[in-house]
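Reviewing the structure listed below.
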């Protein structure tokens, strides 16, 4: 079974629109971490955020915000006022402490911001 | 955050040759390293997990004789793709995790391998 589900394969928005990338995860561990990474065409993974399972506070960083809800096992990512430079593939990932901290990645959401 | 350096970033090799990819933790001791492979437009899939000084644990379907992993020190793990074929062309990325207190792993920059 897929531990991390990103249902949106591709999203296109017009510049300055807001966009939310969905992420749903599945785990039986009580201690785990959730991540979002950005992967531009060059390939490297750009770390965006890490959240541990005990911290459900939402976080805002500039135009980025994250909504972590354990009740629905979701960790959604919103980009406000999107820009062309936001175009990339975004991966949500789960790291389970009891499983040795290997990462389980979602299938990624390819975001295209149209100027 | 901790730094993981992966080298080379890009490599092109001829079919039948072997290629070695290095993954180094620069400012911490990596007790565990992970190797992932990513095919175009796909997600990252775990290939193997290595602990310093012991044999790597490979995921189902990954040929251990083809993808040799050595984690000889607490700061270096290597992945050698032996007798590479065009179907091995992919993006390979490592991640490293430290010991006590570090609950997550850090990623290298990745290596794009092209076998011609």
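Residue numbers (my numbering), protein chains in the order written: chain P, 117 to 231; chain Z, 43 to 158. A virtual CB, placed ideally from N, CA and C, is assigned to each residue, including glycine.
Can you give the Cα-Cα distance for residue i and residue j, rounded to whole angstroms?
i                      : j                      : result
residue 175 of chain P : residue 184 of chain P : 9 Å
residue 133 of chain P : residue 79 of chain Z  : 33 Å
residue 156 of chain P : residue 95 of chain Z  : 34 Å
residue 137 of chain Z : residue 46 of chain Z  : 7 Å
residue 177 of chain P : residue 214 of chain P : 29 Å
residue 119 of chain Z : residue 75 of chain Z  : 7 Å
residue 63 of chain Z  : residue 153 of chain Z : 7 Å
residue 101 of chain Z : residue 124 of chain P : 27 Å
residue 81 of chain Z  : residue 190 of chain P : 26 Å
residue 168 of chain P : residue 188 of chain P : 16 Å
residue 197 of chain P : residue 131 of chain Z : 37 Å
residue 113 of chain Z : residue 50 of chain Z  : 17 Å
residue 111 of chain Z : residue 92 of chain Z  : 7 Å
residue 90 of chain Z  : residue 83 of chain Z  : 21 Å
residue 186 of chain P : residue 204 of chain P : 27 Å
residue 150 of chain Z : residue 229 of chain P : 27 Å
residue 57 of chain Z  : residue 129 of chain Z : 10 Å
residue 52 of chain Z  : residue 59 of chain Z  : 16 Å
residue 166 of chain P : residue 55 of chain Z  : 36 Å
List, in chain order, every chain P residue whose beta-carbon is nearer than 9 Å to that of residue i.
i                      : result
residue 149 of chain Z : 153, 160, 161, 163, 219
residue 88 of chain Z  : 218, 219, 220, 221
Determine the chain Z residues that contact residue i at a beta-carbon separation under 7 Å, and present them in chain order.
i                      : result
residue 167 of chain P : In chain order: nothing, as chain Z lies at least about 11 Å away.
residue 193 of chain P : Chain Z residues near residue 193 of chain P: none, gap ~16 Å exceeds 7 Å.
With distances taken between CB atoms, is the gap from residue i to residue j smaller than 8 Å?
i                      : j                      : result
residue 137 of chain P : residue 217 of chain P : no
residue 72 of chain Z  : residue 140 of chain Z : yes
residue 210 of chain P : residue 135 of chain P : no
residue 164 of chain P : residue 148 of chain P : no
Comparing alpha-carbon positions, which option in the options lies nearest residue i?
i                      : options                    : result
residue 127 of chain P : P:219, P:215, P:173, P:194 : P:194
residue 139 of chain P : P:219, P:122, P:210        : P:122
residue 146 of chain P : P:231, P:225, P:170        : P:170
residue 219 of chain P : Z:47, Z:53, Z:56, Z:87     : Z:87
residue 156 of chain Z : Z:147, Z:150, Z:125        : Z:125
residue 224 of chain P : P:130, P:148, P:152, P:131 : P:152
residue 70 of chain Z  : Z:115, Z:135, Z:105        : Z:115
residue 147 of chain Z : Z:51, Z:77, Z:56           : Z:77
residue 231 of chain P : P:159, P:199, P:150        : P:199
residue 206 of chain P : P:142, P:172, P:160, P:173 : P:160
What does residue i touch in chain P if you count any residue whose Cβ is under 7 Å from its own?
i                      : result
residue 139 of chain Z : 217
residue 91 of chain Z  : 216, 218
Below 8 Å on the Cβ atoms is my contact criterion, and I expect residue i with residue j to pass it. Report the Cβ-Cβ distance as a whole number of Å.
i                      : j                      : result
residue 67 of chain Z  : residue 122 of chain Z : That belief does not hold up - the Cβ atoms of residue 67 of chain Z and residue 122 of chain Z are roughly 19 Å apart, past 8 Å.
residue 130 of chain P : residue 222 of chain P : Actually they are not in contact, since the Cβ atoms of residue 130 of chain P and residue 222 of chain P sit about 25 Å apart, beyond 8 Å.
Output, in chain order, the set of chain P residues within a Cβ distance shorter than 8 Å of residue i.
i                      : result
residue 74 of chain Z  : 216, 217
residue 133 of chain Z : 159
residue 152 of chain Z : 159, 160, 161
residue 85 of chain Z  : 207, 221, 222, 223, 224
Name, please, each residue of chain Z whose Cβ falls closer than 8 Å to the Cβ of residue i.
i                      : result
residue 178 of chain P : Per Cβ cutoff of 8 Å: no residues; residue 178 of chain P is ~18 Å from chain Z at best.
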